[in-house]
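FYI, the numbering used here numbers position 235 of the sequence shown as 239, with every residue one higher than the one before it.
Note that beta-carbon positions come from the ideal geometry of N, C-alpha and C, so glycine has one too.
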Amino acid sequence: MSSELFNLLEEIEEEKGISRDVVLDALESALISAYKKNYGAVSDINVKFSEDGDIKIYARKTVVENVEDRETEISVFDARDIKPEYEVGDIAEFEVTPSSFGRIAAQTARQVVFQRIREAEREKMVDEYSDRENSIANAVVRKIDRRNVMLDIDGTESVLMSNEQVKNDNYKVGERYKVFVVEVADSVKGVHLVVSRSHPGLVKCLFELEVPEISQGVIEFKGISREAGSRSKIAVASNTRNVDPVGTCIGPRGMRVQNVINELRGEKIDIIKYSDDPAEFVSNAISPAEVVSIEVLPDQKMCKVIVPESQLSLAIGREGQNVRLAARLTGWKIDLHSVPDDEADDLRNGVVSAGADSADSVSQQDMEDEVNAILGRTE
Numbered sequence: 005m006s007s008e009l010f011n012l013l014e015e016i017e018e019e020k021g022i023s024r025d026v027v028l029d030a031l032e033s034a035l036i037s038a039y040k041k042n043y044g045a046v047s048d049i050n051v052k053f054s055e056d057g058d059i060k061i062y063a064r065k066t067v068v069e070n071v072e073d074r075e076t077e078i079s080v081f082d083a084r085d086i087k088p089e090y091e092v093g094d095i096a097e098f099e100v101t102p103s104s105f106g107r108i109a110a111q112t113a114r115q116v117v118f119q120r121i122r123e124a125e126r127e128k129m130v131d132e133y134s135d136r137e138n139s140i141a142n143a144v145v146r147k148i149d150r151r152n153v154m155l156d157i158d159g160t161e162s163v164l165m166s167n168e169q170v171k172n173d174n175y176k177v178g179e180r181y182k183v184f185v186v187e188v189a190d191s192v193k194g195v196h197l198v199v200s201r202s203h204p205g206l207v208k209c210l211f212e213l214e215v216p217e218i219s220q221g222v223i224e225f226k227g228i229s230r231e232a233g234s235r236s237k238i239a240v241a242s243n244t245r246n247v248d249p250v251g252t253c254i255g256p257r258g259m260r261v262q263n264v265i266n267e268l269r270g271e272k273i274d275i276i277k278y279s280d281d282p283a284e285f286v287s288n289a290i291s292p293a294e295v296v297s298i299e300v301l302p303d304q305k306m307c308k309v310i311v312p313e314s315q316l317s318l319a320i321g322r323e324g325q326n327v328r329l330a331a332r333l334t335g336w337k338i339d340l341h342s343v344p345d346d347e348a349d350d351l352r353n354g355v356v357s358a359g360a361d362s363a364d365s366v367s368q369q370d371m372e373d374e375v376n377a378i379l380g381r382t383e
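Here it is in structure tokens:
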């Protein structure tokens, strides 16, 4: 093999940023494997590269008086034919390069060099995309393969799996969508982005794009619960007293939240004001229903919530969605109750001391039973 190999390695180092020593180390390991595969097993062999590009294979054996294992030992008599200074116990090194090894070496070198280039390019791409995890990306639909959607993201192909899609999306080739990058994965086939349209992080990132006060630290995201394609509830807080976090996220004439809704193809979004007080936070989260009374049970991580009878269905939501999302958002179990509207007026005015036991109760189990019954009738 000529010095062309070393010239090639210098070019690769300059153009691809791949260290010549790294490639030579990989090449050495590959040549040792190739030699053992083609010319028999030798326990200890070494590869040496000469300055003119030649590749030599050397075997190393222990010098002994009487040889018992020819693969690992050489007699002192034979060793001194190689080098007169060898003594018993020394490690004798001698060339065993086959005359036909040049072709194998050249083929192996090509394979190693190209493989190392591919690996380096993959590592570079991983580094470039690693900081994009948990962020938003612009994607173009390239192909629809059964239920999966093939996307192009800045020249990188990605697959939007069916379980990461939402029912409101009607994908067409050439259309643009914003997706949430869940993970940058490195596999034998190369780098690919794991993306989602159903992940709650997509809603958060869309608001960060629309509401500059979030990136400025004025508005803070406190939580999100989402049933993709149907409804999301987000909790926000203000780090500045005179800034309304809910109004800021809604935007002038509702444009900010409407832009997010449009990107999510009509998914409803409730923006909730966060509070450290669980009673206030849960009351806000149960909106659009009005809460007239709430009892916090810290030991059970539960809130008993009373709403007017006329707003009970609104508080529960379709198939229990509203109260379910509120519970996920706040992290508190919600035991929902109702009282007649006139009694609710008295509760608002502080005339009646509300007791949850005297109100009509709709517990979480009751709601689940109701939803199951509804689903059973529709199936």
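First and last residue of the uninterrupted beta strand (DSSP E) at Tyr62: Numbered from 1 along the sequence shown, position 58 holds the residue referred to as residue 62. Segment 59-68, the beta strand (DSSP E) holding Tyr62.
Measuring straight from C-alpha to C-alpha, what distance separates Val67 and Asp73? Mapped onto the sequence shown, residue 67 falls at position 63. Mapped onto the sequence shown, residue 73 falls at position 69. Rounded to whole angstroms, Val67 and Asp73 show a C-alpha spacing of 11 Å.
Can you tell me which of Asp158, Ser139, Met165 puts its alpha carbon nearest to the alpha carbon of Arg151? Residue 151 sits at position 147 when you count from the first residue of the sequence shown. Among Asp158, Ser139, Met165, the Cα nearest to that of Arg151 is on Met165.
So, at 6 Å on beta carbons, what are the nonlocal neighbours of Ile218 in its own chain, with the 5 sequence-adjacent residues on each side left out? Residue mapping note: residue 218 aligns to position 214 of the sequence shown, counting from 1. For Ile218, where only same-chain residues beyond five positions count, the Cβ hits under 6 Å are Glu212.
8 Å Cβ cutoff met for Arg332 and Ser202: In the sequence shown, residue 332 corresponds to position 328, counting from 1. In the sequence shown, residue 202 corresponds to position 198, counting from 1. No.
Go ahead and label Ile148 buried or exposed: buried means 16 or more other beta carbons lie within 10 angstroms of its beta carbon, across all protein chains shown. Mapped onto the sequence shown, residue 148 falls at position 144. By the neighbour-count rule (16 or more Cβ atoms within 10 Å), Ile148 is not buried but exposed.
Taking just the CA atoms, how far does Glu97 sit from Val80? Taking the sequence shown and counting its residues from 1, one reaches residue 80 at position 76. Taking the sequence shown and counting its residues from 1, one reaches residue 97 at position 93. Rounded to whole angstroms, the separation of the alpha carbons of Glu97 and Val80 is 13 Å.
Meets three-Cβ-pair contact criterion under 8 Å: the region 319-337 and the region 264-272: Contact check between the region 319-337 and the region 264-272: fewer than three CB pairs, one atom from each, fall below 8 Å, which does not count as touching.
Buried versus exposed, by CB contacts within 10 Å (16 or more), Asn288: To locate residue 288, count along the sequence shown from 1; it is residue 284. Buried is the call here.
Should Glu14 be labelled buried (16 or more other beta-carbon atoms within 10 Å of its own) or exposed? Within the sequence shown, residue 14 is the residue found at index 10, counting from 1. By the neighbour-count criterion, in which a residue is buried when 16 or more other Cβ atoms sit within 10 angstroms of its Cβ, Glu14 is exposed.
Look at the alpha carbon of Cys209 and the alpha carbon of Asn246, and state the distance between them as a whole number of angstroms. Reading the sequence shown from its first residue, position 205 is the one you call residue 209. Reading the sequence shown from its first residue, position 242 is the one you call residue 246. One C-alpha to the other measures close to 24 Å.
Starting from Leu28, trace the alpha helix (DSSP H) in both directions and tell me its first and last residue. Translated into the one-based positions of the sequence shown, residue 28 becomes position 24. Note, Leu28: alpha helix (DSSP H), 24-43.
Extent of the continuous alpha helix (DSSP H) run through Asn263: Counted from its first residue, the sequence shown places residue 263 at position 259. Asn263 -> alpha helix (DSSP H) spans 259-267.
What did DSSP end up calling Tyr133 once you bin it into helix, strand or coil? Sequence index remark: in the sequence shown, residue 133 carries index 129 (1-based). In the structure shown, Tyr133 sits in a helix (DSSP, three-state: H, G or I).
Going by the beta-carbon positions, is the gap between Ala293 and Ala319 smaller than 8 Å? Along the sequence shown, one-based indexing puts residue 293 at 289. Along the sequence shown, one-based indexing puts residue 319 at 315. A Cβ-Cβ contact shorter than 8 Å links Ala293 with Ala319.
Quick one: what does DSSP say Thr160 is sitting in, helix, strand or coil? In the sequence shown, the residue the question calls residue 160 occupies position 156. Per DSSP, reduced to three states, the secondary structure at Thr160 is strand.
Segment contact, 8 Å Cβ cut-off, at least three pairs: the region 234-254 with the region 180-188: As far as the Cβ criterion goes, the region 234-254 does not touch the region 180-188, which means the pair count is below three.
Would you report the Cα separation of Pro204 and Glu231, rounded to the nearest angstrom? Start at 1 with the first residue of the sequence shown, and residue 204 comes out as number 200. Start at 1 with the first residue of the sequence shown, and residue 231 comes out as number 227. Their backbone Cα atoms lie some 8 Å apart in a straight line.
Residue environment, Gly227, which counts as buried when at least 16 other CB atoms sit within 10 Å: As a working mapping, residue 227 is identified with position 223 in the sequence shown. Buried, because 16 or more other Cβ atoms sit within 10 Å of the Cβ of Gly227.
Proximity winner among Val186, Ile290, Ile108, Gly44, relative to Arg328 (alpha-carbon distances): Start at 1 with the first residue of the sequence shown, and residue 328 comes out as number 324. Out of Val186, Ile290, Ile108, Gly44, Ile290 has the C-alpha closest to the C-alpha of Arg328.
Measure the C-alpha to C-alpha separation of Ala34 and Ala110 and round it to an integer number of angstroms. As a first step, residue 34 is located in the sequence shown; it is residue number 30 there, counting from the start. As a first step, residue 110 is located in the sequence shown; it is residue number 106 there, counting from the start. Looking at the two C-alpha atoms, the distance is approximately 11 Å.
Is the beta carbon of Arg64 closer than 8 Å to that of Asn50? For the purposes of this step, residue 50 is taken as the residue at position 46 of the sequence shown. For the purposes of this step, residue 64 is taken as the residue at position 60 of the sequence shown. Going by C-beta atoms, Asn50 is nearer than 8 Å to Arg64.
Three Cβ pairs or more, each shorter than 8 Å: is that satisfied between the region 334-344 and the region 307-319? Contact between the region 334-344 and the region 307-319 is present, because at least three Cβ pairs lie under 8 Å.
Check whether the Cβ atoms of Ala207 and Val170 lie closer than 8 Å to each other. The residue given as residue 207 occupies position 203 in the sequence shown. The residue given as residue 170 occupies position 166 in the sequence shown. Rather than Ala, the amino acid found at residue 207 in this sequence is Val. No, the pair does not count as a contact, with Cβ atoms beyond the cut-off.
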